[in-house]
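When we follow the numbering used here, the leftmost residue of the sequence shown carries the number 1422, and every step to the right adds one.
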Amino acid sequence: MPVPIRETPLGREWLEEGRAEGREALVRATAAMLRRRFGSDPRIDAVAAGLVDLSDDERAARILDAPDLDALT
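Below you can see the structure in the form of structure tokens.
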């Protein structure tokens, strides 16, 4: 019986690498949206990282509805 790739150490490593890369891409995209909406601010990367665990709809709503970056910190 074949062993699913996710059940192997290498498969788990690849899966975790993919998840980390996806999260990093989402942080970058969220930061880009924040910069577009609020301009350059040194807090943007931290705010973006804090928003990535939300659903896409919730993250977008918070960014669009926030009156300023302070409301997202």
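Don't be surprised by glycine CBs; every beta carbon is placed ideally from N, CA and C.
One alpha carbon belongs to D1478, the other to A1492, and they sit about 17 Å apart. In this structure, T1451 places its C-beta atom within 7 Å of the C-beta atom of A1469. By a beta-carbon distance limit of 8 Å, V1473 contacts L1447. Their separation comes to about 5 Å.
Taken through DSSP and simplified to helix, strand or coil, T1429 comes out as coil. Taking the C-beta atoms as reference points, L1490 is found no nearer than 7 Å to D1466.
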